[in-house]
Amino acid sequence: MRLDPFYLIVDSAAWIERLAPLGVRLVQLRIKDLDEARLRAEIRSAKVLCARHRCQLIINDYWRLAIEEGCDFIHLGQEDMQAADLSRIKAAGLRLGLSTHDHFELETALAARPDYIALGPVYPTVLKQMKWAPQGLERIGEWKRRVATTPLVAIGGLNPARLESVFAAGADSAAVVTDITLNADPEARTREWIEKTKRWR
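Just so we're aligned, residue 1 is where the sequence shown starts under UniProt numbering, counting upward by one.
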C-alpha cells in the first residue's frame, strides 16, 4: 500500500472538520481520556468528514470501536498492540499501523505484518514525555532497510523545513501534530505542509 506523505494527527473531529477541506488526505484521530459514548461520537463524526473530503481516517488505539463503527484503519502503540486481538483486527479487514522506538519493538512490529510502521521521535518533541532519545535521520535509513516495502512513517519534532531530510533518509510519510495544532495559523501551516510534500505524493 501507499500512504500520503502528509500524515496529520489530531485529537478531535473538530480539527478534521477544520483542516480536511484544505486537501488533507491522511489523518489519525488520536483521543485520550474520553468516555466511550463521546469517543464513539467523535469516531462517527470523523468518519463522515473524512468520507466527504476523500481523506483516509486512521483510529488510534480503540480497535474494538474501530471495528464496530466500520472503520478501515487502526494505529496501535506497542503496549496497545500487546493487549489487542490482532487476529480479530485482521479478520475485520482493518489495516494496521504500529509504532516503534527501538530494535526490539521493530522486530515485534514486523512479526505482526502491519500495513505501515512508524518510527519516532525523529527529533525532540513537545507532544509528550518520551523515554527514548531522538532517533535521528540515520535511524530512518536503518529502519527503511529493515522494513523494505512496508511504508515507513517518521514522527516527532517534524516541520516543513525538516521534510527534505526526512524523506531523503527513507521515510515514506511524515506525521505531524503540534507543528500544526499549536501553530498560530493552523490552516496556513497545513497548506504549507501540503505544498511541501506534494513532490512525494
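Positions of the beta carbon are idealized from the N, C-alpha and C atoms, including for glycine.
- Rounded to whole angstroms, Ala111 and Gln135 show a C-alpha spacing of 22 Å.
- Collapsing the DSSP output to three states places Gln78 in a helix.
- Per DSSP, the continuous beta strand (DSSP E) segment holding Arg95 begins and ends at 95-100.
- Contact check for Thr100 and Ala109: beta-carbon distance about 5 Å, within the 8 Å limit, so the pair qualifies.
- When Ala83, Gln82, Ala84, Asn60 are compared, the shortest CA-CA separation from Phe73 is found for Asn60.
- In the assembly as shown, Gln82 is an exposed residue. Its beta-carbon has fewer than 16 other beta-carbons within 10 Å.
- Judged by their CB atoms, Ala175 and Ala188 are not nearer to each other than the 8 Å cut-off.
- Gln28 is bridged by DSSP to Ile9, Ile58.
- Relative to the Cα of Arg25, the nearest Cα in the group Ala133, Asp33, Arg54 belongs to Arg54.
- Annotated three-state conformation of Val147 is helix, per DSSP.
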